[in-house]
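As they're listed, the protein sequences go chains A and S. At position 94 of the first sequence (counting the first as 1) the number is 94 in our numbering, and the numbers step up by one without a gap. Numbers in our numbering are just positions in the second sequence, counted from 1, shifted up by 310. Backbone N, C-alpha and C fix where the C-beta goes; we use that ideal spot for every residue, glycine too. In this text, all values refer to a predicted model and were calculated from it rather than measured experimentally. Inspection log for the structure reproduced underneath, given as structure tokens.
2 protein chains.
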Amino acid sequence: MAAPELGTGPAVLAVDVGGTQLKAAVLDGAGRLGGVVRRPTPRSAEDPGDAIVVGVAALLDELQRPDQRIGAIGLTIPGVVDEAAGIGRWSANLGWRDFGFRDALAARTELPIAVAHDVRAAGTAEARLGAARGVADAAIVVVGTGIAAALRIDGHSYAGNGSAGELGHLVIDPSGPRCACGKHGCLETLAAAPAIVRTYQELGGELVSGAAEVLARAQGGDQRAVHAWSSATSALGAGLGALSALVAPELIVLGGGLAEAGDALLGPVRAALSDYCAGLNVPRLVRAELGHDAGTWGAAILARDALLTR
Amino acid sequence: MAAPELGTGPAVLAVDVGGTQLKAAVLDGAGRLGGVVRRPTPRSAEDPGDAIVVGVAALLDELQRPDQRIGAIGLTIPGVVDEAAGIGRWSANLGWRDFGFRDALAARTELPIAVAHDVRAAGTAEARLGAARGVADAAIVVVGTGIAAALRIDGHSYAGNGSAGELGHLVIDPSGPRCACGKHGCLETLAAAPAIVRTYQELGGELVSGAAEVLARAQGGDQRAVHAWSSATSALGAGLGALSALVAPELIVLGGGLAEAGDALLGPVRAALSDYCAGLNVPRLVRAELGHDAGTWGAAILARDALLTR
């Protein structure tokens with residue numbers, strides 16, 4: 001695939017706030033994304049939202065160049081997000097509650113700011129530039145340390161009452177492990193990367209560095225690893241099956257760290273999805289195209305859109 | 311509540327095709343629905359679609375009056391429906407496959423015909439005239455011998471790839487009973503009216519006429535009935551919780567035969583839904599307003615709309 005481009009327009013700063021890393025890049029006037037800069041996510045127990053704002057403003061100073069003025073900032077954040085108001089409603093991991101990112105960052109930088117949910121922004125990027133181009137009804141599912149979906153309905157990002165796409169907290173098996181949310185057997189407890197490691201170790205497996213190593217061991221014939229991988233892919237297929245029975249997208253795009261496994265993930269998940277959809281239409285299942293940079297691309301798109309609609 | 315009205319316009323015939331009954335009524339020029347006529351659903355092993363068309367044409371002759379010409383027919387059918395093409399893709403219960411209801415009925419009656427999925431049509435009626443008036447993102451859930459949902463997204467009926475809203479085939483508990491679809495523990499096997507009767511009888515309960523009698527016995531102190539009812543309402547709450555985690559409507563409307571139970575259904579379902587949505591926004595849950603006639607109202611609305619958009 002050719003490197004994606006967004007077309008000519010103002011240069012903007014794209015910042016993707018993750019639980020451990022803040023990723024930033026400048027989209028230039030030609031619509032190309034520059035090299036991604038990574039920083040540890042700034043944290044503050046007293047004012048976690050403001051710590052992010054201060055860190056983003058410092059990145060703006062660092063990445064600003066005299067020959068290319070940055071015209072807007074796109075910021076993607078995790079948790080529950082009110083995108084229209086630019087407010088981070090809450091993040092269990094990073095600690096803010098009802099923090100007005102848009103207004104605080106605009107006051108500090110005097111730039112237009114767009115704020116979006118990280119997974120929905122990645123979905124917007126896959127829809128505009130990646131694997132979901134031209135598809136009206138699609139779900140972009142990000143599987144990594146957590147699991148969430150961005151829903152595209154009739155060509156638009158859909159958030160419902162604000163919590164749409166919380167696929168990770170769908171109960172797949174009520175006799176499963178207890179989830180941080182209080183329920184048992186949520187998809188995240190069965191198919192996210194940490195769950196794969198935990199299942200493997202509960203089966204008596206070796207100490208491993210992560211889910212990728214469990215897959216490598218499975219491919220090398222370690223039967224405990226085979227079982228842990230297959231248990232996770234079955235659960236993920238059931239989760240996508242439930243998504244299909246309710247939302248019935250034409251296309252499901254799988255992204256996030258676990259999707260790096262490629263066909264070793266997509267093959268068994270596709271089979272489980274197809275089993276679940278007996279009698280229903282089965283969505284196509286493909287791998288995301290923008291990889292780790294989907295969130296950063298999403299932030300860039302939103303910043304450009306914010307300038308266009310002013 | 312005042313009797314619903316659709317406003318002035320052409321008179322139309324509304325026909326709601328169910329698994330056992332065909333319900334028909336004329337919507338008059340003032341927008342009032344006349345008395346509902348019921349007939350056994352016409353069946354034919356050789357040509358099940360045509361048997362419906364012949365039956366609807368006979369009803370048209372019967373209900374046509376010289377002083378009020380019927381200008382269109384709205385027909386709602388179960389199963390998988392291609393509404394844009396007017397085709398019944400398939401009905402497991404009634405037996406057709408890819409039958410062109412719109413064209414066949416138009417050829418026979420020389421009237422404009424609108425064809426819609428029965429549950430989505432009931433959803434359209436609740437959205438236009440009933441409990442979901444003025445709500446952009448809503449789910450209308452019909453619980454009776456089966457369970458299905460009509461999704462309203464941004465004020466429009468949403469079908470996705472054609473199978474959206476198949477809530478009855480969401481797996482709630484993989485260790486549950488085998489479903490007709492081949493999976494285990496689908497919501498329909500746990501919470502539809504026949505499931506409530508089956509659970510009660512498996513617990514050693516008396517022979518009963520239906521789910522309403524199980525509820526009556528539960529309210530009279532029969533502990534087996536209490537258990538059967540509570541098991542069904544928990545499962546239904548989990549199903550609506552999964553719907554909320556994925557689709558996040560502002561409002562869920564409960565209709566169908568089981569909703570006749572009123573607060574005896576809504577109370578425990580609301581509690582289970584709220585438990586499921588820990589950390590997420592919880593949709594409001596209310597009872598449908600149009601009762602048994604929602605599907606017939608939906609057919610009338612679609613027939614009127616078909617005439618307006620010609």
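Would you mind sorting residue i into buried or exposed? The rule is 16 or more other CB atoms within 10 Å of its CB.
| i | result |
| --- | --- |
| E356/S | exposed |
| P388/S | buried |
| R69/A | exposed |
| A466/S | Correcting the residue identity first, residue 466/S is His in this sequence and not Ala. The residue in question, H466/S, is exposed, as its Cβ has fewer than 16 Cβ neighbours within 10 Å. |
| T309/A | exposed |
| R270/A | buried |
| G577/S | exposed |
| G28/A | Here residue 28/A turns out to be Asp, not Gly, going by the sequence shown. Classification of D28/A: buried, given that the 10 Å Cβ count is 16 or more. |
| E110/A | exposed |
| L265/A | buried |
| G220/A | exposed |
| G255/A | buried |
| S91/A | buried |
| S485/S | exposed |
| E5/A | exposed |
| T455/S | buried |
| T8/A | exposed |
| E202/A | exposed |
Give the DSSP-derived three-state secondary structure of residue i in the structure shown.
| i | result |
| --- | --- |
| L151/A | strand |
| R443/S | coil |
| P259/S | Because residue 259/S is not part of the residues shown, which for chain S are 311 to 620, the question remains open. |
| A340/S | coil |
| P314/S | coil |
| G625/S | Limits of chain S in this structure are 311 at one end and 620 at the other, which puts residue 625/S out of reach. |
| T386/S | strand |
| G262/A | coil |
| L254/A | strand |
| D615/S | helix |
| D357/S | coil |
| V269/A | helix |
| A588/S | coil |
| A502/S | coil |
| V518/S | coil |
| S163/A | coil |
| G35/A | coil |
| E523/S | helix |
| E420/S | coil |
Could you name the residues that DSSP lists as bridge partners for residue i?
| i | result |
| --- | --- |
| Y200/A | The partner list for Y200/A (beta bridge, DSSP) is empty, contrary to what the question assumes. |
| F99/A | G88/A |
| H156/A | I153/A |
| C186/A | V171/A |
| P40/A | Q21/A |
| D326/S | K333/S and T386/S |
| V451/S | A459/S and L564/S |
| R594/S | L561/S |
| V115/A | L75/A |
| D532/S | Paired residue(s): none; D532/S is not in a bridge. |
| A321/S | I380/S |
| R488/S | H494/S |
| D392/S | I397/S |
Please tell me whether residue i has its Cβ less than 8 Å away from any Cβ of chain D.
| i | result |
| --- | --- |
| G71/A | Considering every chain present, this structure includes no chain D. Its protein chains are A and S. |
Check each residue of the stretch 239-252 of chain A: if its Cβ is closer than 7 Å to any Cβ of chain S, include it; give the result in chain order. Within the stretch 239-252 of chain A, those residues whose Cβ lies closer than 7 Å to any Cβ of chain S are, in chain order, A242, L243, A245, L246, V247, A248, P249 and E250.
Just by C-beta distance, which residues in the stretch 562-593 of chain S are closer than 9 Å to chain A? For the stretch 562-593 of chain S, which is checked against every Cβ of chain A, the residues closer than 9 Å are D585, Y586, C587, A588, G589, L590, N591, V592 and P593.
Taking 8 Å as the threshold, find out whether the stretch 87-94 of chain A comes into contact with the stretch 121-136 of chain A through three or more Cβ pairs. No, because fewer than three Cβ pairs between the stretch 87-94 of chain A and the stretch 121-136 of chain A fall closer than 8 Å, the two stretches do not touch.
I want to know whether the stretch 525-543 of chain S touches the stretch 420-431 of chain S - three or more CB-CB distances under 8 Å. No, because fewer than three Cβ pairs between the stretch 525-543 of chain S and the stretch 420-431 of chain S fall closer than 8 Å, the two stretches do not touch.
Should the stretch 582-594 of chain S be called in touch with the stretch 541-561 of chain S, which here means at least 3 C-beta pairs below 8 Å? Judged by Cβ distances under 8 Å, the stretch 582-594 of chain S makes contact with the stretch 541-561 of chain S, as three or more pairs qualify.
For the stretch 152-175 of chain A, which residues have a CB atom closer than 9 Å to at least one CB atom of chain S, in sequence order? Listed in sequence order: I153, D154, H156, Y158, A159, G160, N161, G162, S163, A164, G165, E166, L167, G168, H169, L170, V171, I172, D173, P174 and S175.
Any residues in the stretch 175-194 of chain A with a beta carbon nearer than 8 Å to a beta carbon of chain S? Which ones, in chain order? Close to chain S, meaning a Cβ-Cβ distance shorter than 8 Å, are the following residues of the stretch 175-194 of chain A: S175, C181, G182 and K183.
What residues in the stretch 122-149 of chain A have a beta carbon less than 8 Å from any beta carbon of chain S? For the stretch 122-149 of chain A, the residues whose beta carbon sits under 8 Å from a beta carbon of chain S are, in order, D137 and A149.
Would you check if the stretch 322-337 of chain S and the stretch 144-159 of chain A touch, i.e. whether three or more CB-CB distances between them fall below 8 Å? Touching, no, given that fewer than three Cβ pairs across the two stretches are closer than 8 Å.
Counting Cβ pairs, one atom from each stretch, are 3 or more of them under 8 Å apart for the stretch 260-270 of chain A and the stretch 206-216 of chain A? Contact check between the stretch 260-270 of chain A and the stretch 206-216 of chain A: three or more CB pairs, one atom from each, fall below 8 Å, which counts as touching.
Does the stretch 602-611 of chain S come close enough to the stretch 333-343 of chain S to have 3 or more Cβ pairs within less than 8 Å? Because the criterion of three Cβ pairs below 8 Å is met, the stretch 602-611 of chain S and the stretch 333-343 of chain S touch.
Determine contact between the stretch 546-556 of chain S and the stretch 503-515 of chain S, defined as no fewer than three beta-carbon pairs at a distance below 8 Å. Short answer: they don't touch.
Segment contact flag, the stretch 359-378 of chain S with the stretch 410-419 of chain S, C-beta cutoff 8 Å, min 3 pairs: The stretch 359-378 of chain S, when compared against the stretch 410-419 of chain S, does touch it at the 8 Å Cβ threshold.
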